[in-house]
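Student:
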Amino acid sequence: MSSTGYNSQNGGSGPPYSNGPVQGSLMYSPALASQGYNSVLPGSYPPQIPAKATQHPGHGQQNSSVPQTVPQLDGLQTVHRLSGPQNFPQLSNYPVSGQTFNRPPMGHTQVASSQHTGARPRMPSPPQNTAGEPAPADSNASQGNVHLQSNWQYFSKPQPFANHIYSSAGSISGQPSLQSNANQPTTRQYVTPFGGPPLQNSFMSQGPPPISQPGWPSLGDPATSSPSKTGSTAPPPPLQSAPPKHDANSAPPGSDSSLHNSYDTIEGGGYMVSMVHPAQPPPSQNPQITRNVGSTDPTLPLGYQNVFPTSGPGLPPAPQQYPSQPQQITQPSINNLASSVGGLSLHHSQQLDGLRALNLLQERNILPPTPLKAPTPCLLEDIQKLNCNPELFRCTLTNIPQTQVLLNKAKLPLGLLLHPFKDLSQLPVVTSSTIVRCRSCRTYINPFVSFLDQRRWKCNLCYRVNDVPEEFMYNPVTRAYGEPHKRPEVQNATIEFMAPSEYMLRPPQPPVYLFMLDVSHNALETSYLNTVCQTLLENLDWLPGNTRTKIGFITFDSTIHFYSLQEGLSQPQMLVVSDIDDVFIPMPENLLVNLNECKELVQDLLKNLPQMFTKSSETQSALGPALQAAFKLTSPTGGRITVFQTQLPSLGAGALKPREEPNQKSSAKEIHNLTPSTDFYKKLALDCSGQQISVDLFLLSGRYSDLASLGCISRYSAGSVYYYRSYHTQHNPVQVEKLQKELKRYLTRKIGFEAVMRIRCTRGLSIHTFHGNFFVRSTDLLSLPNVNPDAGYAVQMSVEENLTDTPVVSFQSALLYTSSKGERRIRVHTMCLPVVSAVSDVYAGADAQAITGLLANMAVDRSITSSLSDARDALVNAVIDSLSAYRSSVLTVQQPGLLAPHSLRLLPMFVLALLKQKAFQTGTNASLDERIFAMCQIKNQPLLYLLLMIHSNLYRVDNLTDEGALDFNDRTIPQPTILQLSVEKLNRDGAYLMDAGSILIIWVGRNCGQNFFTQVLGVANYETMPVEMNRLPELDTAESARAIAFISWLREQRPFFPTLHIIRDENPLKTAFTQNMIEDRTESALSYYEFLLHLQQQVNK
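Note that UniProt numbering has the sequence shown beginning at 1, numbered continuously upward.
Right, dumping it as structure tokens:
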């Protein structure tokens, strides 16, 4: 999912939606009070923001039908069948519009036209196989006036229509306005509890950060004194002649461009004016978690636990005794960085290496034997060591072009890839009430600002000079006064703030978890309920939360079943609603209950649930009405809805019909039905987003379930999609283990509620397109009802104004969220990159991995808005354009062959791997749901996991040794060499592991050494080896220990659980193993060498 502006909401076409998310207000009702959520406390949500949305009816409509009595089911005390409206108290209502926040109006301007016209030649197919030949260049001629375009218009400068960096002087009525950009000093400074154990996937170094501030220049005053408009811009349409298509990530067309938004004002509006701190939430009663996933908040190094001191022995005197005049701060080389950075671009060894020309046709083994590392920006060492880790924040170009013309000349996409909520074991957490931000653009103070003296600092994004607050003058690490440049906020590119009350619209919401379970006959045949209920039972105590955690359950087939878990009942009560056309909530006060108070009833329900429907013969699925009921139940508080679905929804709202074409030829060049067949799930997701509800979908089905339509409920509510094809407890035990492991991770990982994220950048740059699962609340503010540590995002950028007077630029993401403990927190990441004026320097700093990740996201959008073949052509043309521009703009002597800079040497290989990936491959080797799921993964996975999904790693594992091994958590992890993905690297006397991200396949050669069979596999020889094994036996041998340690380490490095398959030649999975050999030719795709020849032909034209 991507968003290309603030002027659309619909997706492909059609009338604008009238139900875009609005800020949900809370009205007091007995139902809410009974749930322990007092909506009338001071600090609660203001009335809803005005929007062009229809008023929804109350959640508890009055009905007249008489309840029907049904036989009692095992494990339940009583059963009520409700076929019509009942007299129950209303769950919530929508109030009228009320208080708003001021925001500058945003207008629309015309989009710049593309600089390239005409069609690129399509990639040819292997000459031996005409059946799989892609369409010729004019294959789209029959599609009306749709013309192919050579590329995405990432090299065209979009025109602005909104202000990205802005200042708002508005304040909340009734609140005192501040005269400075900081809050009043308090006695709170840095308080950090000791949290969970270090994580395997953490990049943060142990111990406190450095306490010396490197030299940093005054970047110079900009030409104008006021910030310019560098806001979100509307990108060009995906195809030149096609009209712009609406997308549901932004506001509906025709809506008020100055739509007020409370969250917008809080995170990025005017000055923070509220000084009242809310009552602190009760302390957590959950047991200490001892697992290595991010279910606890990261902890601050010990040195940061000092509190704000008072006068006394050994401490600095009271503030009034400090000198009142500003004092100069000593910063080495503070005035020489601009010239230094300019010189580095031509003389830095890495930059020269990145620019070195390679003839790809002569580079046989181009893949390095060790894992690829992100390129290092060409900055002074003291500055670079403070930069954000590339696993969190990464740019496609580590050298930012000075002008849009230069970016156009390079023909490379400019964008960012983020993993903002990644699990971290060490993270500075600032608990001071003073959060220092720029008074103009609201940037958080960071390591790349300039201190003019002790009392003033210059923003590195808009260049405004700000005052240093008095409290910020004290350094809690050194206990010294007058060293603001040594504060943790200025020494860490990644930091988290405990947000004061002005960052809250209401008291932090309680953690609310609602589980929806399909109990139709198809679901019962898979026996998935046993796995899900047992995993829930084992992890109830580890659900993120505190004493306010609430939980509820809904089951559904052709009817909807609610479960009353009221404290005091001897066993749960089932309430059945059979009227799916007019869904209502019976007994709302007892359906979401406090987990601590009702744990025994919850456990009782989970133990009995798998047996309760064993005699059911219902084959229908009313998923849509069940989702409507879940929305009504959770909308007063927000929370997370977890849906388990096993078939195509067939009843009520949101019912779907099969669209897959089973008889489609395997040589088909075009894949249809990639778009949703209904907008029901999209509209419902927008409603959920407005009420701070996220929906996660677990699809367990061997038949077509129209994931293209169902996935919208997660995509637009910031949820996730999990897909288990052909799930069955007996017939597919590997999938059972996968569901168990991934569900455990899902239930216990860290979670953030009612989150928003904004990305800021230096004046002159602008963001125009977002990719990921979210809703765009305003031009640059992403709404994330839930945020999890396994989600990634991408953005596309352009150079809106020339950066001629700027030696470096900065990017900052700010994620405001509510933790599961009820704390409002802000996680900030800041990255700094140099600016260059030569196209050769742009190529020298290109990041091929990041470019591949961004192109993959763009290709998914192109597949949906245009066609799969058009997306494939655009991927190929992206490589052709960049190599052609390099050849014409950088190379002074034209040489034969396919020349590429060293920095882009792997880009053709990665793009070829993308073309062979399930999301973009031609033919029908992958089912339609599998293809859509692959697209969902591309849009939602962080770059680290996405790259592994695109380009697998191949290792030889029958000769593992401790040479070069990694010492990891007191374990020795072998590090075998990464091999090229070609069958020529395989030998029948070896065993090879293919790591494809979500699956691990070990292929054992017929002539593999006897030692591997006996010491690792525990069998006598090849003949006695099973056709397939799914786990390695734990043998008391060094070889077994090394193999198990290596595979365990691979699994621990990712949030999903890759299944293991140990196969022989006769196994059907041998085909999947060889299909991942992307350098080899297949029936419908070129080999790597043939692909290079095709690129050479196009580049040298």
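Built from N, CA and C at the ideal position, the CB exists for glycine as well. The structure presented is a predicted model; accordingly, all values stated were derived computationally and were not measured.
Going by DSSP, what residues sit across from residue 515 in a beta bridge?
Tutor: Along the sequence shown, read from residue 1 onward, the residue named residue 515 stands at position 515. Answer is 553, 642.
Student: Quick one: measure Cβ to Cβ for residue 854 and residue 372, integer angstroms, because I've assumed they're closer than 8 Å.
Tutor: On the sequence shown, position 854 is the one that residue 854 refers to. On the sequence shown, position 372 is the one that residue 372 refers to. About 16 Å; that fails the 8 Å criterion.
Student: What number of angstroms, rounded off, separates the C-alpha of residue 363 from the C-alpha of residue 903?
Tutor: Position 363 of the sequence shown, counting from 1, holds the residue named residue 363. Position 903 of the sequence shown, counting from 1, holds the residue named residue 903. When the Cα atoms are used, residue 363 and residue 903 turn out to be separated by approximately 14 Å.
Student: Could you give the distance in angstroms between the alpha-carbon of residue 734 and the alpha-carbon of residue 1059?
Tutor: Locating residue 734 in the sequence shown gives position 734, where the first residue counts as 1. Locating residue 1059 in the sequence shown gives position 1059, where the first residue counts as 1. So the alpha carbons of these two residues sit roughly 7 Å apart.
Student: Out of 686, 724, 718, 684, state which residue places its alpha-carbon closest to the alpha-carbon of residue 702.
Tutor: Taking the sequence shown and counting its residues from 1, the one referred to as residue 702 is at position 702. Considering only alpha carbons, the answer is 724.
Student: With 16 other CB atoms within 10 Å as the buried threshold, where does residue 861 fall?
Tutor: In the sequence shown, the residue the question calls residue 861 occupies position 861. Under this definition residue 861 is a buried residue.
Student: Can you look up residue 409 in the DSSP assignment and give me helix, strand or coil?
Tutor: Against the sequence shown, residue 409 aligns to sequence position 409. Here DSSP, grouped into helix, strand and coil, assigns residue 409 to helix.
Student: Roughly how many angstroms lie between the CA atoms of residue 1093 and residue 741, to the nearest whole one?
Tutor: By one-based count along the sequence shown, residue 1093 stands at place 1093. By one-based count along the sequence shown, residue 741 stands at place 741. Answer to the nearest angstrom: the Cα atoms are 44 Å apart.
Student: May I ask you to report which of helix, strand or coil DSSP gives residue 1056?
Tutor: The residue given as residue 1056 occupies position 1056 in the sequence shown. Reduced to three states, the DSSP call for residue 1056 is coil.
Student: Tell me whether residue 624 sits in a helix, a strand or coil according to DSSP, three-state version.
Tutor: Your numbering for residue 624 matches position 624 in the sequence shown. DSSP places residue 624 within a helical segment (H, G or I) once states are collapsed to three.
Student: DSSP three-state call for residue 1082: helix, strand or coil?
Tutor: Working through the sequence shown from its first residue, we reach residue 1082 at position 1082. Three-state result, residue 1082: strand.
Student: Classify residue 1091: buried if its beta carbon has 16 or more other beta carbons within 10 angstroms, exposed otherwise.
Tutor: Taking the sequence shown and counting its residues from 1, the one referred to as residue 1091 is at position 1091. Its Cβ being crowded by 16 or more others within 10 Å, residue 1091 is buried.
Student: Counting beta carbon pairs with one atom in the stretch 955-963 and one in the stretch 1024-1043, are three or more of them shorter than 8 Å?
Tutor: Yes, they touch.
Student: Helix, strand or coil, according to DSSP, for residue 170 in the structure here?
Tutor: Your numbering for residue 170 matches position 170 in the sequence shown. Confidence at residue 170 is low in this model, with a pLDDT of 34, below 50, so its placement is unreliable and the value that follows should be read with caution. Correct three-state label for residue 170: coil.
Student: Quick one, which of 758, 688, 516, 916 has its alpha-carbon nearest residue 1080's?
Tutor: Position 1080 of the sequence shown, counted from the start, is the residue given in the question as residue 1080. The shortest Cα separation from residue 1080 among 758, 688, 516, 916 belongs to 916.
Student: Residue 628: which of 478, 658, 682, 597 sits nearest, CA to CA?
Tutor: Here the question's residue 628 lines up with position 628 in the sequence shown. Among 478, 658, 682, 597, the Cα nearest to that of residue 628 belongs to 682.
Student: Do residue 535 and residue 736 have their CB atoms nearer than 8 Å?
Tutor: Position 535 of the sequence shown, counting from 1, holds the residue named residue 535. Position 736 of the sequence shown, counting from 1, holds the residue named residue 736. Taking 8 Å as the Cβ cut-off, residue 535 and residue 736 do not qualify as a contacting pair.
Student: Are residue 806 and residue 764 closer than 8 Å when you measure CB to CB?
Tutor: For the purposes of this step, residue 806 is identified with residue 806 of the sequence shown, where counting begins at 1. For the purposes of this step, residue 764 is identified with residue 764 of the sequence shown, where counting begins at 1. A contact, by the Cβ cut-off of 8 Å.
Student: At the level of alpha carbons, what is the spacing between residue 991 and residue 1033?
Tutor: Along the sequence shown, read from residue 1 onward, the residue named residue 991 stands at position 991. Along the sequence shown, read from residue 1 onward, the residue named residue 1033 stands at position 1033. C-alpha separation (whole angstroms): 16 Å.
Student: Would residue 545 be called buried (16 or more neighbouring beta carbons within 10 Å of its own) or exposed?
Tutor: For this step, residue 545 is matched to residue 545 along the sequence shown. With 16 or more other Cβ atoms within 10 Å, it is buried.
Student: Look up residue 501 in the DSSP assignment and say whether it is helix, strand or coil.
Tutor: For the purposes of this step, residue 501 is identified with residue 501 of the sequence shown, where counting begins at 1. If DSSP states are grouped into helix, strand and coil, residue 501 belongs with the helices.
Student: Do residue 468 and residue 1102 have their beta-carbon atoms positioned less than 8 Å apart in this structure?
Tutor: Within the shown structure, residues of the chain are numbered from 1 to 1101, placing residue 1102 beyond reach of any answer.
Student: Report the partner residues of residue 466 according to the DSSP bridge assignment.
Tutor: Working through the sequence shown from its first residue, we reach residue 466 at position 466. BP columns for residue 466 point to 457.
Student: Cα separation between residue 835 and residue 408?
Tutor: Stepping through the sequence shown from its first residue, residue 835 is reached at position 835. Stepping through the sequence shown from its first residue, residue 408 is reached at position 408. Answer to the nearest angstrom: the Cα atoms are 15 Å apart.
Student: How many Å lie between residue 336 and residue 448 at the Cα?
Tutor: Against the sequence shown, residue 336 aligns to sequence position 336. Against the sequence shown, residue 448 aligns to sequence position 448. Annotation note: pLDDT 39 at residue 336 (below 50); position unreliable, no value reported.
Student: Take the Cβ of residue 964 as the centre, count every other Cβ of all protein chains shown within 10 Å, and call the residue buried at 16 or more, exposed below.
Tutor: On the sequence shown, position 964 is the one that residue 964 refers to. The residue is exposed, with fewer than 16 neighbouring Cβ atoms inside 10 Å.
Student: Answer with buried or exposed for residue 796, where buried requires no fewer than 16 other C-beta atoms within 10 angstroms of its C-beta.
Tutor: Reading the sequence shown from its first residue, position 796 is the one you call residue 796. By the neighbour-count criterion, in which 16 or more other beta carbons inside 10 Å mark a residue as buried, residue 796 falls on the buried side.
Student: In whole angstroms, give me the CA-to-CA distance for residue 425 and residue 969.
Tutor: The count along the sequence shown starts at 1 and reaches residue 425 at position 425. The count along the sequence shown starts at 1 and reaches residue 969 at position 969. Using only the alpha carbons, I get a separation of about 13 Å.
Student: List the whole-angstrom C-beta distance separating residue 640 from residue 696, where the pair is believed to meet the contact cut-off of C-beta under 8 Å.
Tutor: For this step, residue 640 is matched to residue 640 along the sequence shown. For this step, residue 696 is matched to residue 696 along the sequence shown. Yes, they are in contact, since the Cβ atoms of residue 640 and residue 696 sit about 7 Å apart, within 8 Å.
Student: Evaluate the contact criterion for the stretch 608-615 versus the stretch 581-596: three or more CB pairs, one atom per stretch, below 8 Å.
Tutor: no
Student: Alpha carbon to alpha carbon, what distance is there between residue 1001 and residue 1026?
Tutor: Mapped onto the sequence shown, residue 1026 falls at position 1026. Mapped onto the sequence shown, residue 1001 falls at position 1001. Each residue's alpha carbon lies about 14 Å from the other.
Student: What does the Cβ neighbour count give for residue 385, buried or exposed, with the cut at 16 atoms within 10 Å?
Tutor: For this step, residue 385 is matched to residue 385 along the sequence shown. Residue 385 comes out exposed.
Student: With distances taken Cα to Cα, identify the nearest neighbour of residue 526 among 828, 699, 743, 994.
Tutor: The residue given as residue 526 occupies position 526 in the sequence shown. Proximity to residue 526 across 828, 699, 743, 994 peaks at 699, based on C-alpha coordinates.
Student: With a 10 Å radius around its C-beta and 16 neighbouring C-beta atoms as the bar for buried, classify residue 711 as buried or exposed.
Tutor: Reading the sequence shown from its first residue, position 711 is the one you call residue 711. Buried, by the Cβ-count rule.
Student: Would you check if the stretch 809-820 and the stretch 380-400 touch, i.e. whether three or more CB-CB distances between them fall below 8 Å?
Tutor: yes
Student: Does any residue of chain C bring its CB to less than 8 Å from the CB of residue 799?
Tutor: Here chain C cannot be found, since the structure has a single protein chain.
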